[in-house]
Amino acid sequence: MKVLILGGAGMLGPYVVPLLAPHYQLRVTDIIAPTFDFDGEFWEVDASQPEQVLAAAEGMDAIINLSVLRHHRQLAFDVNTLGCYNMMQAAVTHGIRRIINTGPH
765 MKVLILGGAG MLGPYVVPLL APHYQLRVTD IIAPTFDFDG EFWEVDASQP EQVLAAAEGM
825 DAIINLSVLR HHRQLAFDVN TLGCYNMMQA AVTHGIRRII NTGPH
């Protein structure tokens, strides 16, 4: 199964990615590269940008959204709310029915 992980280099990524990597084909995305060991596919993607999320989701069977931002109100809205919306739009467009979405709290 091919799994897209949005925000995979963030706070949860170092825990989630190594657990899933032996079992799934991962496409990890974030605005920065992972600082942990990962031999899989990495794309630089901003979850608040719909065209980037749409492109990253192409060919995937599932999406896990780990992208979270809290520090700045407008940026937090862009990543947390618009990012979730963009993920869902990409899922609908590509027929992806398996979704896990985390939240900022």
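Mapping of the sequence shown onto our numbering: position 52 corresponds to residue 816, and the numbering continues sequentially without gaps. Think of the CB as a built atom: it goes at the ideal place given N, C-alpha and C, for glycine as much as any other residue.
Using 8 Å as the cut-off, can you tell me whether the region 775-789 makes contact with the region 839-854, which would need three or more C-beta pairs spanning the two stretches below that distance?
No contact exists between the region 775-789 and the region 839-854.
Starting from Val792, trace the alpha helix (DSSP H) in both directions and tell me its first and last residue.
No alpha helix (DSSP H) holds Val792; the beta strand (DSSP E) holding it covers 789-794.
Apart from the five residues just before and just after Gln789, which ones in its own chain have a Cβ nearer than 6 Å to its Cβ?
Correct list, in chain order: Lys766.
Three-state secondary structure (DSSP) of Ala826
DSSP places Ala826 in strand when its eight states are reduced to three.
If we ignore side chains and look at the alpha-carbon of each, how far apart do Gln853 and Thr866 end up?
Take the alpha-carbon of Gln853 and the one of Thr866: they are about 16 Å apart.
Would you give the residue range spanned by the beta strand (DSSP E) that Val767 belongs to?
Segment 766-770, the beta strand (DSSP E) holding Val767.
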